[in-house]
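Asker: The structure is given below, and queries will be raised subsequently.
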Amino acid sequence: MIAADVGARRVELCTALGATGGITPSAALVEAVVAAAAVVPASDAAPLLEVHVLVRPRPGGFVYSAAETDLMLRDVTLAVDAGADGVVVGALTPSGAVDVPRLRDLVDAAEGAEVTFHRAIDVVPDPVAALDVLAGAGVARVLTSGGAARAGEALERLAALVERSAGVGIEIMAGGGVTAADIPALVAAGVDAVHLSARRTVSDAGGPGGGGDTGYEVTDQTLAEAAASALRTTVDL
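Numbers in the numbering used here are just positions in the sequence shown, counted from 1, shifted up by 103.
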């Protein structure tokens, strides 16, 4: 609801972002978020909020077994059936290349819903060349930090991805450690979208059976508003 309030175009729905980098949310959470987004009124200033579900069965690398792939395919189907506008996926071979057969299966399972390839692209040896492969597999968008820990530190690589993307018809969405202060430079690099979590941690000790004392993360209204303001002052929205 905070994302809708500040005028976000879409949200990437996941769980355990800080602890794992994000994994697949529960079916109940997908249903609840899709239902909440559906009642957000659209306007010229704030289009209908889209929900794109991250499908990632575990933390760690992006080389998946047959069983993990089957789980991902089922999660894609469940997300789309629940009304998600798209899914966010990624799969690599042991050599670090895009796993095209698995990716095509995931795209097919989405049945026309938009497919975003997530930051697995940031560990591909040649991400610029990989854009051709991704576009050919039916991917609409790539989420990338340009291979750096923070997108704001990889402006040249992002610009190179943007330049190549124009020829293959795929969007470049900059994400990874993005703050409001990074947004003008990212826009200047030519990216199609900016992605950030705008999160803060709430202290809430779980005790020995509740995962430790790190608390949990929530979306921060102030951070989200700052990002939206930075975007509005950088581009004509």
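Positions of the beta carbon are idealized from the N, C-alpha and C atoms, including for glycine.
From a predicted model like this one, the values you see are computed outputs, not experimental measurements.
Could you check where the beta strand (DSSP E) with Ala320 kicks off and where it finishes?
Answerer: The residue asked about is misnamed: residue 320 is Glu in this sequence, not Ala. Note, Glu320: beta strand (DSSP E), Tyr319 to Thr322.
Asker: Taking the alpha-carbon positions, what's the Leu299 to Ala170 distance?
Answerer: For Leu299 and Ala170, the distance between alpha carbons rounds to 31 angstroms.
Asker: Assuming the contact rule is C-beta atoms closer than 8 angstroms, Ala252 and Gly270 should be a hit. Round their C-beta distance to whole Å, please.
Answerer: About 28 angstroms; that fails the 8 angstroms criterion.
Asker: Taking only the alpha-carbon atoms, compute the straight-line gap between Ile105 and Leu326 and give it to the nearest angstrom.
Answerer: Answer to the nearest angstrom: the Cα atoms are 10 angstroms apart.
Asker: Examine the ligand NAP and report whether any of its heavy atoms sits within less than 7 angstroms of the Cβ of Thr322.
Answerer: Only the bare structure without any ligand can be found here, which leaves the ligand NAP out of the picture.
Asker: Unbroken beta strand (DSSP E) runs of length 3 or more, entirely within the segment 108-135: which are they?
Answerer: Whole beta strand (DSSP E) segments, 3+ residues: 113-116.
Asker: Applying the 10 Å Cβ sphere with the 16-neighbour rule, what's the burial state of Ser115?
Answerer: Sequence check: residue 115 is Glu here, not Ser. Buried: at least 16 other Cβ atoms inside 10 Å.
Asker: Leaving out five residues before and five after Asp208 in sequence, what residues of the same chain have Cβ atoms less than 8 angstroms from its Cβ?
Answerer: Only Thr172 and Leu176 meet the Cβ criterion.
Asker: Count the other CB atoms within 10 Å of the CB of Gly310; is the residue buried (16 or more) or exposed (fewer)?
Answerer: Exposed: under 16 other Cβ atoms inside 10 Å.
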